[in-house]
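The next block holds one structure in the form of structure tokens; read it before the comments.
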Amino acid sequence: LWMHSTLEACCTKNYSWNYDVCMATVSSGTSTSGTSKYYVSWKASTCVKDCIGASPCGGLADSWDPLYATLKTCCREANWWNDDCQS
Numbered sequence: 163l164w165m166h167s168t169l170e171a172c173c174t175k176n177y178s179w180n181y182d183v184c185m186a187t188v189s190s191g192t193s194t195s196g197t198s199k200y201y202v203s204w205k206a207s208t209c210v211k212d213c214i215g216a217s218p219c220g221g222l223a224d225s226w227d228p229l230y231a232t233l234k235t236c237c238r239e240a241n242w243w244n245d246d247c248q249s
């Protein structure tokens, strides 16, 4: 368990590799809501929205996930083999 006096200190020490995402957690305890763009969720085998909540949200994208402006673009460019991608 890591204990720090500030969020910035914690993020700097333990999450320097993902500092911006770590700092996106505001002091009120809510986390970032994502970009509302689409990315491929390999776990779900389809394109999902970068947001938290019910479908079409698939959780927050990782920093390495390519993001697409629309579901159609994500399916066409990154998940073209999946006929059910836009279902």
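In my numbering, the protein residues as written are 163 to 249. Beta carbons: idealized from backbone N, C-alpha and C, even for Gly.
N-terminal and C-terminal residue of the beta strand (DSSP E) that residue i is part of
i, result
"Thr208", "208 to 211"
Opening and closing residue of the alpha helix (DSSP H) in which residue i lies
i, result
"Tyr201", "Unbroken run through Tyr201 is the beta strand (DSSP E), 200 to 203; no alpha helix (DSSP H)."
"Asn176", "169 to 176"
"Thr197", "From DSSP, Thr197 is part of no alpha helix (DSSP H); its letter is neither H nor E."
"Met185", "181 to 185"
Classification of residue i by the beta-carbon crowding that lies within 10 angstroms, buried from 16 upward
i, result
"Thr208", "buried"
"Asp212", "buried"
"Lys199", "buried"
"Ala206", "exposed"
"Ala216", "exposed"
"Ala231", "exposed"
Rounded separation between residue i and residue j - CA only
i, j, result
"Leu229", "Ile214", "15 Å"
"Trp243", "Thr174", "41 Å"
"Trp226", "Glu239", "16 Å"
"Ala171", "Tyr181", "10 Å"
"Gly191", "Gly221", "Residue placement at Gly191 cannot be trusted, given a pLDDT of 45 that sits under 50; the coordinates are not used to answer."
"Thr197", "Pro218", "13 Å"
Nonlocal neighbours in the same chain, by C-beta distance under 7 Å from residue i, ignoring five residues either side
i, result
"Gln248", "Leu233, Lys234, Cys237"
"Ser195", "Cys213, Ile214"
C-beta neighbour in chain C for residue i, strict 8 Å
i, result
"Cys172", "Absent from the structure is chain C; it holds one protein chain and no more."
Beta-carbon contacts of residue i that lie in its chain and below 6 Å, excluding the five residues immediately before and after
i, result
"Cys184", "Cys173, Tyr177"
"Ser203", "Val210, Gly220"
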